[in-house]
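Asker:
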Amino acid sequence: MVLYTSPFPNSFLSVLHSFSWGLIFPCYWLADRLVGSFVPTTYEKRQRADDPCYFHALCIIITTPIYLALLVASLPFALIGFLLWSPLQSARRPYIYSRLKDKNHANGATLLTEWKAAGSGKSFCFGSANVCLLPDSLARFNNVFNTQARAKEIGRRIRNGASRPQIKIYIDSPTNTSISAASFSSLVSPQAGDNRTVNAGIKRTTSMEYKGDNCGSNNGEENREDKGGSGEPHEGEENTCIVRINGEENGHMSDTETDTINGQARASGPAEPSLEGDAEISKTPNHKQKEGDSGSLDSCSASRESLVKVRVGDGTVDQSTVNNKLLYKASIMKKTSVRKKKHTDETFDHEISAFFPANLDFLCLQEVFDKRAAEKLKEQLHHYFEYIVYDVGVYSCHGCCSFKFVNSGLLFASRYPVMDAAYHCYPNGRGMDSLASKGALFLKVQVGSTPQDQRIVGYISCTHLQAIAGDTTVRCEQLDMLQDWLSEFRKSTSSSSTANPEELVAFDVLCGDLNFDNCSSEDKLEQQHSLFTHYKDPCRVGPGEDKPWAIGTLLDPEGLYDEEVCTPDNLQKVLESEEGRKGYLVYPTSKNHSSSQKGRKASLKGNGRRIDYMLYTEEGLYLEWKVEVEEFSFITQLAGLTDHLPVAMRLTVSTGEDDP
24 MVLYTSPFPN SFLSVLHSFS WGLIFPCYWL ADRLVGSFVP TTYEKRQRAD DPCYFHALCI
84 IITTPIYLAL LVASLPFALI GFLLWSPLQS ARRPYIYSRL KDKNHANGAT LLTEWKAAGS
144 GKSFCFGSAN VCLLPDSLAR FNNVFNTQAR AKEIGRRIRN GASRPQIKIY IDSPTNTSIS
204 AASFSSLVSP QAGDNRTVNA GIKRTTSMEY KGDNCGSNNG EENREDKGGS GEPHEGEENT
264 CIVRINGEEN GHMSDTETDT INGQARASGP AEPSLEGDAE ISKTPNHKQK EGDSGSLDSC
324 SASRESLVKV RVGDGTVDQS TVNNKLLYKA SIMKKTSVRK KKHTDETFDH EISAFFPANL
384 DFLCLQEVFD KRAAEKLKEQ LHHYFEYIVY DVGVYSCHGC CSFKFVNSGL LFASRYPVMD
444 AAYHCYPNGR GMDSLASKGA LFLKVQVGST PQDQRIVGYI SCTHLQAIAG DTTVRCEQLD
504 MLQDWLSEFR KSTSSSSTAN PEELVAFDVL CGDLNFDNCS SEDKLEQQHS LFTHYKDPCR
564 VGPGEDKPWA IGTLLDPEGL YDEEVCTPDN LQKVLESEEG RKGYLVYPTS KNHSSSQKGR
624 KASLKGNGRR IDYMLYTEEG LYLEWKVEVE EFSFITQLAG LTDHLPVAMR LTVSTGEDDP
């Protein structure tokens, strides 16, 4: 299948399209600014409340007549542009595939090594987020604004979080699983030639400060040389730092050890700030760095978030595998309780994380509707992801029943090459949703090859369903179509037969904003859909019941700029408590209770409306391999930038072979 790298088949149509949009854009921009000036966010309302001179009101009175006059003057040109633009959409391609030509620009992609299906297996990390990049006037109805600046900051936070080093802690004694709350100290980076291990108890997802975006790429060759070490559980893991923890009977650190570590941390000094200026993003309130806000990994104050992952092992870990060039600083945490996995019957780790997972392989975004914002977002993501599919969807009356003003809002980013891609538009959208070409994006990626030159591939699907409450029938119909399209895409892109497989399928993942949760009484039909018999939801027990640790992903828009939740760390702290979640998450609706946020906090079950999903299936995969969830995360790194919580899932593909 040919991947489309431009929206039109020839340059003449591209130039004509640019000319027509140039005629439309002034009218579009003026209308957007005019409407947006009358839809303030809660942050702007608070600012205006402190303005005794009513300066903003005076500005509106002056600028409104100017905007109106310019808008009326631009209407004839916009009409001519529309008459040219609309017919051109019949020749427009359904997506744009962007591949970074200069690989040195992609810090994450340079660290990838091809998987050869040797050893015990490999892990792949998937992320999904609704980023609410609508035209600014429409975004304000969700209490977010400054779409262009948010797009740049969202991309910057995602790639900074994903490109940080992945820290793994190996514990010599598997029986030692506790630590004194008062004696815990964070880790510090080993100095050159210093092979001492850090003594501690077990797991605290500690905070570390990561400097720069290029640290990993500078050491790609060194990492590849050390992959064969005994400390690596999976083949092909990149940008990983390993620290060994010696177990002790009481799980305490001695005062001498604590003082030594504290002294090393102080000697390391603060991390240098990012070289990128923040002038362009200072217009949005949450972009102003506060103490403890490390969402962009650029602040000099360390976050308490889980940059450290724990692995239990009996053997020693070769400290030479630690990348000495990675600069990070540990914050000293005392009198802090240990975060343990509360539900010991769970087979995988789960957490509320202030960062996107390290070594994020695939990213699916929804509501990237604004074209200019999509370009800014793509530019930032290309610092980490080499392959991006964006501007997905159709416009005008082409391909769907009703007129489409905006695209699907879907965007896909990958560190692995895309082999095939397909898009389908839902023809049954209603209300405001019918103005967008909401649909599903299907992708096939190559993640490796076997020694017999068989390709190792994976399938990823991203979708965004009908949003209007009460449209249960519409969403169920869209789920039916989604299943049919999934099956059709697998068949049309498969080049293998059972007798002579040319490809080995490692995973099949479906993610996106499905706009229904698993606890609301009004969403029972969606909860019982047959899709969940084929795809597994790691957060779900069954229809109408989520696992106790799963939380909602839909934030209450009114509280986005509250001091308690406006930074990644603060939002993480709030969501870790039940009372905090009740104050800042939208909860499932019930027929027996009011839909207002007040008065129902203690009465409704669940931990909020979880409408953003990460699903996977074991059907259709290579029979000799096994896929398991390694970890699942709810992410707060985009606090204040969107009204959804991103989610991430790491899958482990086990080949069944022994380590070499």
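Quick note: to get the numbering used here, add 23 to the position in the sequence shown (first position is 1).
C-beta: ideal position from N, C-alpha, C; glycine also.
Nothing here was measured: the structure is a model prediction, and the numbers come from that model.
Which class does R438 belong to by DSSP, given the choice of helix, strand or coil?
Answerer: Correct three-state label for R438: coil.
Asker: How big is the Cα-Cα spacing for S600 and F164?
Answerer: Approximately 28 Å, taken between the alpha carbons.
Asker: Just verifying my parser: in three-state terms, what is the DSSP assignment at T495?
Answerer: It is helical.
Asker: Got a sec? Which residues, its chain only, sit under 8 Å from T370 by beta carbon, not counting five neighbours each side?
Answerer: Excluding residues within five positions, the ones whose Cβ falls inside 8 Å are E651 and V652.
Asker: Mind checking V470: buried by the 16 CB within 10 Å criterion, or exposed?
Answerer: Its Cβ being crowded by 16 or more others within 10 Å, V470 is buried.
Asker: Looking only at its own chain, which residues have a Cβ that is under 6 Å from the Cβ of H40, when we skip the five neighbours before and after it?
Answerer: Around H40: L111.
Asker: If you pair each beta-carbon of the region 642-651 with each one of the region 154-161, do three or more pairs fall below 8 Å?
Answerer: Result no; under three Cβ-Cβ pairs closer than 8 Å.
Asker: Alpha carbon to alpha carbon, how far is R395 from G462?
Answerer: Taking the straight line from one Cα to the other gives about 21 Å.
Asker: Which residues in the same chain have their Cβ closer than 6 Å to the Cβ of G184, if we skip the five residues on either side of it in sequence?
Answerer: Same-chain partners within the cutoff: F378, F379 and Q660.
Asker: Please report the residue range of the beta strand (DSSP E) in which A490 lies.
Answerer: Premise fails: A490 is in no beta strand (DSSP E) and is neither H nor E.
Asker: Please classify C82 as buried or exposed, where buried requires at least 16 other C-beta atoms within 10 Å of its C-beta.
Answerer: So C82 counts as exposed.
Asker: Specify the secondary structure class of L26 as computed by DSSP and reduced to three states.
Answerer: Reduced to three states, the DSSP call for L26 is coil.
Asker: Would you call G45 buried or exposed, if buried means 16 or more other Cβ atoms sit within 10 Å of its Cβ?
Answerer: Classification of G45: exposed, given that the 10 Å Cβ count is below 16.
Asker: Relative to the alpha-carbon of D546, which residue among F512, C499 and L505 has its alpha-carbon at the smallest distance?
Answerer: It is C499 whose Cα lies nearest to the Cα of D546.
Asker: My output table needs one value for L388: the three-state DSSP class, helix, strand or coil.
Answerer: Three-state DSSP puts L388 in a strand.
Asker: How about the region 582-589 and the region 549-563: do they share at least three Cβ pairs that are nearer than 8 Å?
Answerer: Short answer: they don't touch.
Asker: Using CA coordinates, which residue listed in S472, F385 and H447 is at the minimum distance from S460?
Answerer: Among S472, F385 and H447, the Cα nearest to that of S460 belongs to H447.
Asker: Assign I103 to one of two classes, buried (16 or more other C-beta atoms within 10 Å of its C-beta) or exposed (fewer than that).
Answerer: So I103 ends up on the exposed side.
Asker: Sort out for me which residues DSSP pairs C148 with in a bridge.
Answerer: Bridge partners of C148: R673.
Asker: When the Cα of N166 is compared with those of L505, Y607 and T665, which residue comes out closest?
Answerer: Of the listed residues, the one whose Cα sits closest to N166 is T665.
Asker: According to the neighbour-count rule (16 or more other Cβ atoms, all chains shown, within 10 Å of its Cβ), is S619 buried or exposed?
Answerer: With a pLDDT of only 44 at S619, under 50, the local geometry of the prediction cannot be trusted, and the value read off the model is given with reservation. Its Cβ having fewer than 16 others within 10 Å, S619 is exposed.
Asker: Terminal residues of the continuous alpha helix (DSSP H) containing C50?
Answerer: S34 to G59 is the span of the alpha helix (DSSP H), which, as asked, contains C50.
Asker: List the endpoints of the continuous beta strand (DSSP E) containing Q477.
Answerer: Premise fails: Q477 is in no beta strand (DSSP E) and is neither H nor E.
Asker: Can you tell me where the alpha helix (DSSP H) with L93 in it begins and where it stops?
Answerer: It spans F78 to L111 - the alpha helix (DSSP H) in which L93 sits, taken as one unbroken run.
Asker: Between A101 and P32, is the Cβ-Cβ spacing less than 9 Å?
Answerer: No, Cβ-Cβ distance for A101 and P32 is not below 9 Å.
Asker: From this set, S515, D592 and K467, which residue's C-alpha is nearest V532's C-alpha?
Answerer: Nearest of S515, D592 and K467 to V532, Cα basis: K467.
Asker: According to DSSP, which residues form a beta bridge with I715?
Answerer: What is shown of the chain runs 24 to 683, which leaves residue 715 out entirely.
Asker: In whole angstroms, what is the alpha-carbon distance linking K605 and N630?
Answerer: Rounded to whole angstroms, K605 to N630 spans 8 Å at the Cα level.
Asker: Can you tell which of V441, A80, F435 and Y449 has its C-alpha closest to the C-alpha of K427?
Answerer: Nearest option by C-alpha distance: Y449.
Asker: Out of K596, K399 and P571, point me to the one whose CA is closest to T170's CA.
Answerer: Minimum Cα distance to T170 is reached at K399.
Asker: What runs of the beta strand (DSSP E), each 3 residues or longer, lie entirely inside the region 636-662?
Answerer: If we require 3 residues or more, the beta strand (DSSP E) runs fully inside the region 636-662 come out as 649-658.
Asker: Measuring only the C-alpha atoms, how far is P524 from T516?
Answerer: Their Cα atoms are separated by approximately 13 Å.
Asker: CA-CA distance, S43 and G432?
Answerer: Going by the C-alpha atoms only, they are around 22 Å apart.
Asker: At 4 residues or longer, what runs of the alpha helix (DSSP H) sit wholly inside the region 570-606?
Answerer: DSSP runs (the alpha helix (DSSP H)) wholly in the region 570-606: 591-598.
Asker: Candidates S553, T496 and T590: which alpha carbon is nearest N451's?
Answerer: Comparing Cα-Cα distances from N451 to each of S553, T496 and T590, the minimum goes to T496.
Asker: Taking Cβ to Cβ, would you say L554 is nearer than 9 Å to L638?
Answerer: The answer is yes: Cβ separation under 9 Å.
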